[in-house]
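Undergrad:
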Amino acid sequence: MSLISMHGAWLSFSDAPLLDNAELHIEDNERVCLVGRNGAGKSTLMKILNREQGLDDGRIIYEQDL
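Take the sequence shown: its letters are residues 1 to 66, numbered as in full-length UniProt numbering.
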């Protein structure tokens, strides 16, 4: 089972899409690195995963022990 699963995530700011039907699955004992240029959405993705930023659509499932 995934520690975190993001399904069909949509998020846009001022009609500019940041996430367009995005999928993400982080498994137990898996290391993940976010790489991208300035303004690509790395910090926003971390805020979404930390429940500090909502999505326009889609869902995130967390393993209950997180």
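Quick reminder that beta carbons are idealized off the backbone N, C-alpha and C, glycines included.
Taking the Cβ atom as the reference point for each residue, do H7 and G58 lie within a distance shorter than 8 Å?
TA: Going by C-beta atoms, H7 is nearer than 8 Å to G58.
Undergrad: Counting only the same chain and skipping the five closest in sequence on each side, list residues whose C-beta sits under 7 Å from that of K42.
TA: Same-chain partners within the cutoff: L34 and G36.
Undergrad: What are the start and end residues of each continuous beta strand (DSSP E) run of 3 or more residues lying completely inside the UniProt domain "ABC transporter" (19-63), in chain order?
TA: The UniProt domain "ABC transporter" (19-63) contains these whole beta strand (DSSP E) runs: 57-62.
Undergrad: For W10, which of Q64, L45 and N38 has the nearest alpha-carbon?
TA: Selected option, being the one with the closest Cα: L45.
Undergrad: Return the first residue and the last residue of the beta strand (DSSP E) that S2 is part of.
TA: Here the beta strand (DSSP E) through S2 covers S2 to F13.
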